[in-house]
Each structure stands twice: as structure tokens, then as C-alpha cells.
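J.: Numbering of the sequence shown is given in the working numbering, commencing with residue 3 and proceeding in unit increments.
Note that the Cβ used here is the ideal one computed from N, Cα and C, for glycine as well.
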Amino acid sequence: MKIEGFLYETHMHTSEGSQCGKCSGAEMARAYAAAGYTGVIVTDHFFYGNTAVDRTLPWKEWVEQYCLGYEHAKAEGEKLGLQVFFGWESGYHGPEFLVYGLDKEWLLAHPEIRDATVEEQFRLVHEGGGIVSQAHPYREASYIPEVLLYPEYVDAVEGVNAAHTGRLSGFKSGHPEYNEMAIAYAHKYQLPMTAGSDQHSTEMLYGGMVFPRRLKDIHDFARAVVAREALELLDGTEDLD
Numbered sequence: 003m004k005i006e007g008f009l010y011e012t013h014m015h016t017s018e019g020s021q022c023g024k025c026s027g028a029e030m031a032r033a034y035a036a037a038g039y040t041g042v043i044v045t046d047h048f049f050y051g052n053t054a055v056d057r058t059l060p061w062k063e064w065v066e067q068y069c070l071g072y073e074h075a076k077a078e079g080e081k082l083g084l085q086v087f088f089g090w091e092s093g094y095h096g097p098e099f100l101v102y103g104l105d106k107e108w109l110l111a112h113p114e115i116r117d118a119t120v121e122e123q124f125r126l127v128h129e130g131g132g133i134v135s136q137a138h139p140y141r142e143a144s145y146i147p148e149v150l151l152y153p154e155y156v157d158a159v160e161g162v163n164a165a166h167t168g169r170l171s172g173f174k175s176g177h178p179e180y181n182e183m184a185i186a187y188a189h190k191y192q193l194p195m196t197a198g199s200d201q202h203s204t205e206m207l208y209g210g211m212v213f214p215r216r217l218k219d220i221h222d223f224a225r226a227v228v229a230r231e232a233l234e235l236l237d238g239t240e241d242l243d
């Protein structure tokens with residue numbers, strides 16, 4: 003499949019930040035650069051998600067360690083011409099949310115985000131100038147006891163998650179209906195959509211969002227999502243040329 007535009011990964015994990023991550027930030031950056039992506043957003047599992055960082059650490063130390071996957075990916079990306087942006091995936095004992103448009107300095111200054119409710123998260127992220135997208139809202143898995151939707155507390159919906167399309171073995175794969183329901187949900191509430199791979203290793207899934215221009219930074223990405231600028235949402239069913 004030939005991409006006409008600029009391809010960005012919006013949902014990716016590293017071993018430094020996510021317990022389920024299998025490869026380091028630098029390894030992930032190299033894999034995405036080799037696959038032809040323009041940029042990636044590192045979205046490691048946050049404090050109450052499947053984080054790799056010791057929760058007993060003081061907040062400042064926790065944040066510093068949590069951001070290492072992103073920082074290592076960014077340093078490697080700068081060598082390779084790959085843009086690397088920062089985000090995170092918050093967890094609420096089932097529902098998960100992708101947060102875009104904030105940074106490490108914001109996290110350090112806002113320890114209250116750790117224990118924020120879904121509603122409070124939305125308010126805090128908005129006050130900081132970021133956006134929230136509900137990740138894979140219809141996924142069924144052992145760690146998701148029930149499907150819970152929050153259309154009033156998100157700016158977007160992850161309509162397409164390439165981990166659902168069957169490239170990999172495991173609980174997430176082989177369920178394109180999860181994406182179909184998420185797309186229908188976004189249409190019902192007239193919410194913009196994001197698309198990502200939910201990548202945990204360098205075994206590429208080839209999901210993401212294609213934009214008509216090179217994005218400036220994570221804030222530009224957030225604006226482009228809300229403005230529905232994406233040309234394509236890739237579900238990973240086709241390899242990239």
C-alpha cells in the first residue's frame with residue numbers, strides 16, 4: 003500500500019514505561035523509521051494502568067522514570083528524521099484513554115492527574131490545552147470487566163486500533179468488529195476519530211493516521227484531530243510500500 007501523505011503512529015508502548023512493552027523506545031523508533039512513518043506518539047500506560055514504573059516512588063521520580071521510553075525514542079528519532087511526540091494511556095480498571103497535548107513538565111506540576119476521575123481528567127487535560135481520546139472502547143479482555151463509554155468526557159474516539167485486525171496472536175487480535183463498533187460510536191456522537199496500532203514490539207502492525215501535511219508538534223496533532231484533517235485511518239490490514 004502506497005501512502006499519499008504523512009503517516010503518524012498515535013498509540014505505541016515502550017518497555018521503559020509499559021510493563022507489557024517488549025522493546026525499548028530507541029528500538030521502537032528505529033522500527034518506525036524503517037517502516038516509513040513520519041512520526042510516532044509514545045503513549046505508555048499511566049499510573050493506574052500497566053505501568054512498568056514503581057508506583058511507590060515519589061511523584062517526581064515516578065514521572066522522570068515514566069518518561070524515559072519517550073525520551074529514548076525521541077533521541078533516536080532525532081538521529082533518523084523521525085518525529086517523536088509525547089502522550090500517555092490512562093487506565094481506569096477497564097476503560098483506557100489516550101491523552102495528547104501535554105508534557106513531562108505538566109505532569110510534574112499536576113500530581114492530581116494521578117488520582118483524577120474520568121471527568122476530572124477531562125477537565126484537567128482541557129485546562130492544560132490537551133485532548134482526550136477513548137482508546138479501543140469496545141475491546142473485550144480479561145482486564146476490561148465491562149464496556150463503559152464516556153462521550154461527554156472525550157474529544158475523540160480511537161475508531162481504528164490495528165491490534166484488532168488479526169496480525170498478531172493473542173486476546174486483541176482477530177476482532178475487527180471492535181473497530182466497527184467504535185467507528186459507529188464516533189459517528190453517533192459526532193466525535194472525531196484517532197487511529198493507532200497499540201504497538202508493543204517492533205513487529206509492525208502498520209496502523210495510524212495519514213495527514214496531508216507534516217505536523218509541527220503534539221499540539222498541532224491535537225488540533226488536526228479535532229479539525230478532522232486526517233486523510234486516512236489505517237487498520238493495519240495492508241503492508242506499507
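Helix, strand or coil for M206 per DSSP?
T.: coil
J.: Compare the beta carbon distance of L235 and M3 with 8 Å and say whether it is the shorter of the two.
T.: no
J.: What residue range is occupied by the uninterrupted alpha helix (DSSP H) comprising V120?
T.: Counting along the chain, the alpha helix (DSSP H) containing V120 begins and ends at V120 to E129.
J.: Suppose you measure from the CA of G161 to the CA of K81; what does that come to, to the nearest Å?
T.: For G161 and K81, the distance between alpha carbons rounds to 32 Å.
J.: Taking only the alpha-carbon atoms, compute the straight-line gap between F124 and Y155 and give it to the nearest angstrom.
T.: 6 Å
J.: Using C-beta distances below 8 Å, list every residue in its chain close to I178, excluding the 5 sequence neighbours before and after it, in chain order.
T.: Residue 178 is actually Pro in this sequence, not Ile. Around P178: H166, T167, G168 and D237.
J.: Could you check which residue in V228, A232, L233 and I220 has the C-alpha nearest to that of D105?
T.: I220
J.: Give the C-beta separation of T16 and G27 to the nearest angstrom, bearing in mind that I take them to be a contact with Cβ-Cβ under 8 Å.
T.: 4 Å
J.: Leaving out five residues on either side along the sequence, give the residues of the same chain with a beta carbon under 6 Å from the beta carbon of E107.
T.: Around E107: no qualifying Cβ.
J.: DSSP has Y10 in a bridge; who is on the other side?
T.: G41 and M211
J.: Return the first residue and the last residue of the alpha helix (DSSP H) that A232 is part of.
T.: Counting along the chain, no alpha helix (DSSP H) covers A232, and no H or E run does either.
J.: Does DSSP put Q85 in a helix, in a strand, or in coil?
T.: strand
J.: Assign Q21 to one of two classes, buried (16 or more other C-beta atoms within 10 Å of its C-beta) or exposed (fewer than that).
T.: Q21 comes out exposed.
J.: By Cβ distance below 6 Å, which residues in the same chain neighbour Y68 in space, the five residues on each side in sequence not counted?
T.: G19 and V55
J.: Would you identify the three-state DSSP class for A54, choosing helix, strand or coil?
T.: coil
J.: By how many angstroms is the C-alpha of G198 removed from the C-alpha of H13?
T.: 5 Å
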